[in-house]
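Worksheet: the structure to be examined is printed underneath.
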Amino acid sequence: MKGQKIIDVAFKEVGTTESPKNSNQTKYGKWFGFNGVAWCAIFCSWVYAHAGLKLPKIGFYKGFAGCQTAVAHFKKTGEVTKKPQVGDLVFFDWNKDGRYDHVGIFNGWKSKAQGLFYTIEGNTSVSNQSNGGAVMNRVRSINVALFVHPKILD
Numbered sequence: 000m001k002g003q004k005i006i007d008v009a010f011k012e013v014g015t016t017e018s019p020k021n022s023n024q025t026k027y028g029k030w031f032g033f034n035g036v037a038w039c040a041i042f043c044s045w046v047y048a049h050a051g052l053k054l055p056k057i058g059f060y061k062g063f064a065g066c067q068t069a070v071a072h073f074k075k076t077g078e079v080t081k082k083p084q085v086g087d088l089v090f091f092d093w094n095k096d097g098r099y100d101h102v103g104i105f106n107g108w109k110s111k112a113q114g115l116f117y118t119i120e121g122n123t124s125v126s127n128q129s130n131g132g133a134v135m136n137r138v139r140s141i142n143v144a145l146f147v148h149p150k151i152l153d
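Residue numbers (numbering that gives the first Met the number 0): 0 to 153.
Now the structure itself:
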């Protein structure tokens, strides 16, 4: 299953941090060719590539680096879904202003009835949702989420 392969790759990265601290310098940015910038999207591109599934070129050869451009692309191509599957992308709009601030990888439901789900995300922490400097497992709410099922997973 392609989605599980993505999770397997992402899970091995949990605990990885940027170095030096607060620099946005990561092996993901180095691979992407765009280091020292917010890297949640770059992390997702890296994970997909290392699972053997290249995301579409959305502004960059190796995938995407920005949430806004990616969301616009996935809406245009009809890849937004209300029924996420393991390995799908999930974009977050923390203050519900229509601008997506962060992205991670969907890793199943914690409580579908309560709208809570698991993710693996890059550049997050308990104190900073979107620029926290670490790869972490998180629990998120559907209230701020937009799910994307990339066509390469079909």
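Just so you know, even glycine gets a beta-carbon here, dropped at the ideal spot from N, CA and C.
Rounded straight-line distance, which links the Cα of residue j to that of residue i
i, j, result
"Glu17", "Phe116", "25 Å"
"Gly58", "Thr76", "15 Å"
"Ser159", "Lys53", "In the structure as shown, the chain begins at 0 and stops at 153. Residue 159 is therefore absent and cannot be evaluated."
"Lys82", "Phe91", "16 Å"
"Gly51", "Gly62", "13 Å"
"Gly132", "Ser110", "27 Å"
"Glu12", "Lys26", "11 Å"
"Asn127", "Ser22", "14 Å"
"Tyr47", "Lys150", "12 Å"
"Phe31", "Cys39", "12 Å"
"Asn106", "Glu120", "10 Å"
"Val125", "Val36", "20 Å"
"Val138", "Thr118", "6 Å"
"Val164", "Asp153", "This structure leaves residue 164 out entirely; the chain is present only between 0 and 153."
"Val79", "Val147", "4 Å"
"Gly28", "Thr123", "15 Å"
"Trp154", "Trp108", "Lying outside 0 to 153, the shown extent of the chain, residue 154 is not represented and no answer is given."
Where residue i sits in the DSSP three-state scheme
i, result
"Val143", "helix"
"Ile119", "strand"
"Thr68", "helix"
"Phe73", "helix"
"Gly62", "strand"
"Lys150", "helix"
"Lys111", "coil"
"Gly103", "strand"
Buried or exposed by the 16-neighbour rule on C-beta atoms within 10 Å, applied to residue i
i, result
"Ala112", "exposed"
"Met135", "buried"
"Gly103", "buried"
"Asn142", "exposed"
"Gly97", "exposed"
"Tyr60", "exposed"
"Trp93", "exposed"
Contact test: residue i Cβ vs the ligand NAD heavy atom, cutoff 7 Å
i, result
"His72", "This structure lacks the ligand NAD, and indeed carries no ligand of any kind."
Would you call the segment 83-102 in contact with the segment 1-9, where contact means no fewer than 3 C-beta pairs closer than 8 Å? The segment 83-102 vs the segment 1-9: in contact.
Can you give, in chain order, each stretch of the alpha helix (DSSP H) that sits fully within the segment 5-57 and has at least 4 residues? Runs of the alpha helix (DSSP H) inside the segment 5-57: 26-31, 39-49.
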